[in-house]
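Novice: The structure follows.
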Amino acid sequence: MIRKCLFPVAGYGTRFLPATKSMPKEMLPIVNKPLVQYGVEEAEAAGLNNITFVTGRGKRAIADHFDISYELEHQISGSSKEQYLEGIRHLINNVNFSFTRQNNMLGLGHAILTGEPLIGDEAFGVVLADDLCFGEDDGVMAQMVKLYNQFRCTIVAIEEVPEDEVHKYGVIKGESMMDGLFRVTDMVEKPSKEEAPSNLAIIGRYILTPDIFDKIRNTPPGRNGEVQITDAILQQAKEGCVLAYKFKGKRFDCGSVDGFVDATNHCYKHIYSQG
Numbered sequence: 001m002i003r004k005c006l007f008p009v010a011g012y013g014t015r016f017l018p019a020t021k022s023m024p025k026e027m028l029p030i031v032n033k034p035l036v037q038y039g040v041e042e043a044e045a046a047g048l049n050n051i052t053f054v055t056g057r058g059k060r061a062i063a064d065h066f067d068i069s070y071e072l073e074h075q076i077s078g079s080s081k082e083q084y085l086e087g088i089r090h091l092i093n094n095v096n097f098s099f100t101r102q103n104n105m106l107g108l109g110h111a112i113l114t115g116e117p118l119i120g121d122e123a124f125g126v127v128l129a130d131d132l133c134f135g136e137d138d139g140v141m142a143q144m145v146k147l148y149n150q151f152r153c154t155i156v157a158i159e160e161v162p163e164d165e166v167h168k169y170g171v172i173k174g175e176s177m178m179d180g181l182f183r184v185t186d187m188v189e190k191p192s193k194e195e196a197p198s199n200l201a202i203i204g205r206y207i208l209t210p211d212i213f214d215k216i217r218n219t220p221p222g223r224n225g226e227v228q229i230t231d232a233i234l235q236q237a238k239e240g241c242v243l244a245y246k247f248k249g250k251r252f253d254c255g256s257v258d259g260f261v262d263a264t265n266h267c268y269k270h271i272y273s274q275g
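The numbering of the sequence shown is UniProt numbering, which starts it at 1 and goes up by one.
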């Protein structure tokens, strides 16, 4: 049973400067809720109620958000404004949070390895909060947990992207097992349009088996001295089995301004205004 989920949140968020100069990009609000809270809610709904943040300098607001604010709660106690805290109170009461710091920004693989002492020897989820996902029925992580319970191996979420955008992603090549599920035979990190083995791009949802940590340790740094998680997962695929899952739902790339605006409009129309 998967109980833990890791959130790499140490990045600088330079595409949202100057807002992110003193504010974590993960705390930018999608309407009235921080981006990172959507991801934690998705993980908790999938049964992953032990959340680990791999954080960095200037990110204390994330820890403060997932904690009680006694003065604020005292000021609005008994008022209609209390309803706005129901979601975050639920998480505080039902989720265990732990934090460790990534001292150097050396890639997603390095961030995941930094979380090893808090994850231990068990399979775990990874959520990149920049990717805001809404499942059709179950959330994306819940869909992936069901698959893990069946296949017991590393799983990456994928979606089809336009060919002129494959250079932004890790891209998989795979053998179709059933509708929407592929056994990975190759993975390429940010290939050119000509080099891409498909247009099936990895997005920010993973379930990783614990042997990934040794694979990361044995992965040499690539471009910019960063350790790519794609390289480590490819090694898993060569030695065993890695699945790629074309999830049922909708994803917004909130690491980009256009995607952030689209997500805000979607949430305002379909969630906030309906509440």
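Beta carbons: idealized from backbone N, C-alpha and C, even for Gly. Note that the structure is predicted; figures quoted are calculated from it, not measured.
Check whether the Cβ atoms of residue 4 and residue 108 lie closer than 9 Å to each other.
Specialist: No.
Novice: According to DSSP, simplified to helix, strand and coil, what is residue 12?
Specialist: If DSSP states are grouped into helix, strand and coil, residue 12 belongs with coil.
Novice: Which word fits residue 121, buried or exposed, when buried means at least 16 other C-beta atoms lie within 10 angstroms of its C-beta?
Specialist: Flag for residue 121 reads exposed.
Novice: Verify whether the separation of the beta carbon atoms of residue 177 and residue 234 is less than 9 Å.
Specialist: Result no, Cβ atoms of residue 177 and residue 234 do not sit closer than 9 Å.
Novice: Rounded to a whole number of angstroms, what is the C-alpha to C-alpha distance between residue 97 and residue 194?
Specialist: Roughly 43 Å separates the two Cα atoms.
Novice: Give the secondary structure of residue 67 by DSSP, where H, G and I count as helix, E and B as strand, and everything else as coil.
Specialist: In the structure shown, residue 67 sits in coil (DSSP, three-state: anything other than H, G, I, E or B).
Novice: Is the Cβ-Cβ distance between residue 142 and residue 47 less than 9 Å?
Specialist: The answer is yes: Cβ separation under 9 Å.
Novice: Counting Cβ pairs, one atom from each stretch, are 3 or more of them under 8 Å apart for the stretch 7–25 and the stretch 241–253?
Specialist: No: fewer than three Cβ pairs fall under 8 Å.
Novice: Looking at the structure shown, is residue 267 part of a helix, part of a strand, or coil, going by DSSP?
Specialist: Looking at residue 267 - three-state DSSP - the assignment turns out to be helix.
Novice: Flag this pair as touching only if the stretch 257–268 and the stretch 202–216 have three or more C-beta atom pairs under 8 Å; answer yes or no.
Specialist: The stretch 257–268 is not in contact with the stretch 202–216.
Novice: Using 10 angstroms around the beta-carbon of residue 24, count the other beta-carbons present and answer buried if the total reaches 16, otherwise exposed.
Specialist: Burial call: buried.
Novice: So, do the stretch 19–38 and the stretch 71–78 have three or more beta carbon pairs nearer to each other than 8 Å?
Specialist: No contact exists between the stretch 19–38 and the stretch 71–78.
Novice: Since residue 232 is in the alpha helix (DSSP H), which residue starts that stretch and which ends it?
Specialist: 229–239 is the extent of the alpha helix (DSSP H) around residue 232.
Novice: Touch check for the stretch 214–225 and the stretch 158–166: three-plus C-beta pairs under 8 Å?
Specialist: Not touching, per the Cβ criterion.
Novice: Give the secondary structure of residue 113 by DSSP, where H, G and I count as helix, E and B as strand, and everything else as coil.
Specialist: Helix.
Novice: Go ahead and label residue 160 buried or exposed: buried means 16 or more other beta carbons lie within 10 angstroms of its beta carbon, across all protein chains shown.
Specialist: Exposed, by the Cβ-count rule.
Novice: Between the Cα of residue 138 and those of 43, 111, 236 and 36, spot the shortest distance and give me the residue it belongs to.
Specialist: The option with the nearest alpha carbon to residue 138 is 43.
Novice: So, residue 155 versus residue 272, is the Cβ gap smaller than 9 Å?
Specialist: Going by C-beta atoms, residue 155 is not nearer than 9 Å to residue 272.
Novice: Rounded C-beta distance between residue 204 and residue 127? I'm assuming under 8 Å.
Specialist: The pair is a contact, with the Cβ atoms about 6 Å apart (cut-off 8 Å).
Novice: I need the boundaries of the beta strand (DSSP E) containing residue 84, first residue and last residue.
Specialist: Note, residue 84: premise wrong, no beta strand (DSSP E); not H, not E.
Novice: Spatial neighbours of residue 99 within its chain, please: C-beta separation below 7 Å, excluding the five flanking residues on both sides.
Specialist: Within the same chain, residue 99 has close Cβ partners 53, 55 and 63.
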